[in-house]
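The next block holds one structure in the form of structure tokens; read it before the comments.
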Amino acid sequence: MAARIANFAQSNIFTKCTNILPRRSGIFEETTQKTLCNRCLRFRNHTTSRYSGEKRSMDKPQKRKVLRKIKAEICSQNMSDPEMEKAARSRKLLIPLDDVRKGWTPKQYPHQVQTMASYLGIFDHMFDGRSFRPMVVMNVDYQDGDSVHYGNFLQPTKTSCEPEVSFDPEDDSLATLLMVNLDGNIFSRGDELLHWMVGNIPNGVISEGEVVSPYLPPCPVKGTGYHRFVFCLLNQTTRCDFEETHRTYNTRCLASRSFKTATFLENFQLDPVGLCFFQAGWDKSVSNTFNEILGMKEPVYDMEPFLTPNQKKCLQVKEVFAKKYTNM
1 MAARIANFAQ
11 SNIFTKCTNI
21 LPRRSGIFEE
31 TTQKTLCNRC
41 LRFRNHTTSR
51 YSGEKRSMDK
61 PQKRKVLRKI
71 KAEICSQNMS
81 DPEMEKAARS
91 RKLLIPLDDV
101 RKGWTPKQYP
111 HQVQTMASYL
121 GIFDHMFDGR
131 SFRPMVVMNV
141 DYQDGDSVHY
151 GNFLQPTKTS
161 CEPEVSFDPE
171 DDSLATLLMV
181 NLDGNIFSRG
191 DELLHWMVGN
201 IPNGVISEGE
211 VVSPYLPPCP
221 VKGTGYHRFV
231 FCLLNQTTRC
241 DFEETHRTYN
251 TRCLASRSFK
261 TATFLENFQL
271 DPVGLCFFQA
281 GWDKSVSNTF
291 NEILGMKEPV
301 YDMEPFLTPN
311 QKKCLQVKEV
321 FAKKYTNM
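Taken in order, the sequence shown gives residues 1 to 328; the numbers are from UniProt numbering.
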């Protein structure tokens, strides 16, 4: 029996896997190299190590032991400091978040943001399923002190004004900034809603960029739940001509702001390098946005209120009497 299993493990079933997946190199680029899917690779490694006499790898437990040892050393160092221990017991110990962020950003930031964006479906809906690691850290701050992070919740009331966006650019670089709503297009299903676009940003100075589409405050329609708003930073290799795009999206008409990010990237050959996103639901400021800024009647998607049979009968009686005695 063991010989049959060993022969099965060495057979061609793994080299002729039907779940062949293409490898990708760079941003949104596919190569001709192909590999097996993770499921088949795990099954092959497990079967080979089990029946060919090889011992299983002990890397993972060793890494855990090393991590526990490092944590224990740090804990012993902290406990040796009586002032720090006293502050911790009295709940007055302050953590230097700036120092933590400096150590976290270069190593963990790209992977963490990619994981959160994938969890919220941003890559599937915005980039047609193509994923990337955002290497540029963006800071998006609104006037009321609220900031955009990676999926936090903000009220449309606090995001009515144009935010301040900052990032660390490369020398003599150009960039484009997008703000889109992935769930707010009620006119074209599958497309996004463009809220803001600034192109040809020199050296990270947003105020010196070309405003292709003016800022439109978030306006999630009532009854549609929370919407995903994404700030995306695009890297430009050369200066782009946004004249036609400016004529199309320089409007307050909501129907004319239908936007497709994946198509836009292909047309201008841009690479996404930064992401920030938040979620927002309806509040009273959305009604003002529709009436004053967009100049249209606010659409409402709401369920009909539940009425008991007696309440329905009373409404019918009122309608009958209203029709009968209105023009007497």
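No residue lacks a Cβ here, since even glycine has one placed at the ideal position from N, Cα and C.
- The beta carbon of F123 is closer than 7 Å to those of A117, G129, R130 and S131 in its chain, skipping five residues each way along the sequence.
- Judged by DSSP secondary structure, R133 falls outside any beta strand (DSSP E); it is assigned neither H nor E.
- Three or more pairs of CB atoms, one per stretch, sit closer than 8 Å, so the region 214-229 contacts the region 275-288.
- DSSP lists L178 and L275 as the beta-bridge partner residues of C232.
- In chain order, N181, G184, N185 and R257 place their CB closer than 6 Å to the CB of L193, counting only its own chain and leaving out the 5 sequence neighbours on each side.
- The residue from V286, Q311, Q269 and G103 with its alpha-carbon nearest to that of D241 is Q269.
- For I201, the enclosing beta strand (DSSP E) starts and ends at E192 to P202.
- Around K222, the same chain offers W282 and V300 as residues with beta carbons nearer than 6 Å, after the five sequence neighbours per side are excluded.
- The C-beta distance from T176 to L234 rounds to 4 Å, short enough to meet the 8 Å contact threshold.
- Between F264 and the set L254, T248, P96 and C253, the nearest pair of CA atoms involves T248.
- Excluding residues up to 5 positions away in sequence, A262 lie with their Cβ nearer than 6 Å to the Cβ of F127 in the same chain.
- Judged by their CB atoms, R133 and Q114 are nearer to each other than the 8 Å cut-off.
- Distance from the CA of S80 to the CA of K71, rounded to the nearest whole angstrom, comes to 14 Å.
- K323 has its alpha-carbon roughly 21 Å from the corresponding atom of P309.
- Burial check for F259: the Cβ neighbour count within 10 Å reaches 16 or more, so the residue is buried.
- Around the C-beta of T105, fewer than 16 other C-beta atoms lie within 10 Å, and the residue is accordingly described as exposed.
- Counting the other Cβ atoms within 10 Å of the Cβ of V100 gives fewer than 16, which makes it exposed.
- Nearest to D168 by alpha-carbon distance, out of M303, H125, Q311 and V140, is V140.
- Taking C-beta atoms under 8 Å as the contact rule, G295 and V136 fail to qualify, at a distance of about 37 Å.
- For G209 and S166, the gap between their C-alpha atoms comes out near 13 Å.
- DSSP, read as helix, strand or coil, puts Y325 in helix.
- Residue range L97 to Y119 is occupied by the alpha helix (DSSP H) that includes V100, with no beta strand (DSSP E) assigned at that position.
- In the three-state DSSP reduction, S166 falls in the strand class (E or B).
- Pairing V212 with H246, the inter-Cα distance amounts to about 5 Å.
- DSSP, read as helix, strand or coil, puts H227 in strand.
- With 16 or more other Cβ atoms inside 10 Å of its own Cβ, T159 counts as buried.
- In the DSSP assignment, D141 falls within the unbroken beta strand (DSSP E) covering M138 to D141.
- In the DSSP assignment, E210 falls outside any alpha helix (DSSP H) and within the unbroken beta strand (DSSP E) covering E210 to S213.
- Around the Cβ of C276, a 10 Å sphere holds 16 or more other Cβ atoms; the residue is buried.
- When the five nearest sequence neighbours on each side are left out, the beta carbons in the same chain lying within less than 8 Å of the beta carbon of V198 are those of T176, L177, I206, G209, E210, V211 and V212, in order along the chain.
- According to DSSP, N152 shares a beta bridge with F278.
- At a Cβ-Cβ threshold of 8 Å, C219 and V148 do not count as neighbours.
- When DSSP states are grouped into helix, strand and coil, V300 belongs to the strand group.
- Between A88 and K102, the alpha-carbon positions lie close to 23 Å from each other.
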